[in-house]
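Visitor: This is the structure, below, for whatever I ask next.
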Amino acid sequence: MGFFKFIFSKVFLKQLLLALLVLVLLVFGLLYWLRASTNHDQRIAVPDLSKMSLGLVQQELENADLNYVVIDSSNYNPDFPTFSVIEQNPAAGKFVKEGRKIYLVLNPSGYRKIEIPELVGRTQRQVEPTLLALGFKIGKIDYRDHISSDEVLELRHDGQTLNVGDALRKTSVIDLVVGNGKGSYRTSGDAAQDVINDAEDLDDAGL
Numbered sequence: 049m050g051f052f053k054f055i056f057s058k059v060f061l062k063q064l065l066l067a068l069l070v071l072v073l074l075v076f077g078l079l080y081w082l083r084a085s086t087n088h089d090q091r092i093a094v095p096d097l098s099k100m101s102l103g104l105v106q107q108e109l110e111n112a113d114l115n116y117v118v119i120d121s122s123n124y125n126p127d128f129p130t131f132s133v134i135e136q137n138p139a140a141g142k143f144v145k146e147g148r149k150i151y152l153v154l155n156p157s158g159y160r161k162i163e164i165p166e167l168v169g170r171t172q173r174q175v176e177p178t179l180l181a182l183g184f185k186i187g188k189i190d191y192r193d194h195i196s197s198d199e200v201l202e203l204r205h206d207g208q209t210l211n212v213g214d215a216l217r218k219t220s221v222i223d224l225v226v227g228n229g230k231g232s233y234r235t236s237g238d239a240a241q242d243v244i245n246d247a248e249d250l251d252d253a254g255l
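Residue numbers (our numbering): 49 to 255.
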């Protein structure tokens with residue numbers, strides 16, 4: 049009778065509930081430890097994100113338990129869609145841990161703009177390599193009567209004259225107006241002498 053009385057006593061029931069609670073906590077703790085230890089050395093292959101939009105990137109990396117960070121926009125590449133992934137680090141195929149951040153470089157919306165430097169007055173052989181090095185393309189070459197052969201007199205884009213500091217997108221086509229060496233010019237001193245000579249002629253004529 050005393051044994052059964054103890055079993056159904058409040059003290060025993062409290063101890064039994066406490067023991068069950070401890071047992072449940074131990075089981076959950078063991079399961080968590082097993083899961084953590086099992087995934088500890090798990091490696092995930094980085095997917096190829098090239099040419100993907102950010103929306104597709106997010107879906108792809110969420111499925112792989114990976115994260116991403118956009119670090120920069122590269123120089124525009126016409127072979128890639130606008131705002132798509134142009135570079136990634138780690139590279140596709142590399143194995144990383146769960147939750148690893150993948151760093152992305154995106155393709156911008158277009159070529160960046162470049163300012164036109166001081167080129168008028170230089171020779172065509174100097175101007176063309178400079179424009180090509182800046183990323184522009186050489187268009188038509190128009191020749192104009194001018195005493196200096198090969199001297200660049202004007203830069204044009206879509207029929208408009210370009211000035212120093214004007215900005216055009218990279219790969220824009222620039223036309224050149226170049227002297228042909230057949231022209232002539234008169235200095236301001238020559239013009240002044242002409243005025244004096246004309247005045248003397250009028251005076252001699254009595255006008």
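Note that beta-carbon positions come from the ideal geometry of N, C-alpha and C, so glycine has one too.
Here the structure is a predicted model, which is why all the values come from computation and not from measurement.
1) With DSSP as the reference, label residue 192 as helix, strand or coil.
2) Jot down the residue ranges of each uninterrupted beta strand (DSSP E) in the region 118-146, minimum 3 residues, whole runs only, in chain order.
3) Among 142, 141, 104, which one has its Cα closest to the Cα of residue 132?
4) Keeping to the same chain, check which residues put their C-beta closer than 7 Å to that of residue 187; ignore five residues upstream and five downstream.
5) Nearest to residue 90 by alpha carbon, out of 208, 139, 145?
6) Where do the N-terminal and C-terminal ends of the alpha helix (DSSP H) with residue 111 fall, by residue?
7) Go through its chain and collect everything with a Cβ distance to residue 117's Cβ below 8 Å, but skip five positions before and after it.
8) Around the Cβ of residue 199, are there at least 16 other Cβ atoms within 10 angstroms (buried) or fewer (exposed)?
9) With DSSP collapsed to three states, give me the class of residue 178.
10) Would a check of beta-carbon distances place residue 116 closer than 8 Å to chain D?
11) Leaving out the 5 sequence neighbours to the left and right, which residues in its chain are closer than 8 Å to residue 61 when beta-carbon positions are compared?
12) Once the 5 residues before and after residue 234 are set aside, which same chain residues still bring their CB inside 7 Å of it?
Guide: A quick look at the data gives this:
1) Within the sequence shown, the letter at position 144 stands for residue 192. Residue 192 falls in the strand class under three-state DSSP.
2) 133-137
3) The sequence position of residue 132 within the sequence shown is 84, counting from 1. The candidate whose alpha carbon is nearest that of residue 132 is 104.
4) On the sequence shown, residue 187 is found 139 positions in, with the first residue counted as 1. So the qualifying residues of the chain are 221, 222, 223.
5) Locating residue 90 in the sequence shown gives position 42, counting from the first residue. For residue 90, the nearest C-alpha among the options comes from 145.
6) In the sequence shown, residue 111 corresponds to position 63, counting from 1. It spans 102-111 - the alpha helix (DSSP H) in which residue 111 sits, taken as one unbroken run.
7) Counting from 1 along the sequence shown, the entry for residue 117 is found at position 69. Hits under 8 Å: 149, 150, 151, 152.
8) By 1-based counting over the sequence shown, the position of residue 199 is 151. So residue 199 counts as buried.
9) On the sequence shown, residue 178 is found 130 positions in, with the first residue counted as 1. For residue 178, the secondary structure class from DSSP, reduced to helix, strand or coil, is helix.
10) Looking for chain D here will not work: only one protein chain is present.
11) Residue 61 sits at position 13 when you count from the first residue of the sequence shown. For residue 61, where only same-chain residues beyond five positions count, there are no Cβ hits under 8 Å.
12) As a position in the sequence shown, residue 234 is number 186, starting the count at 1. With a pLDDT of 44 at residue 234, under the threshold of 50, the modelled position of this residue cannot be trusted; read the value that follows with caution. Excluding positions up to five away in sequence, the list is empty.
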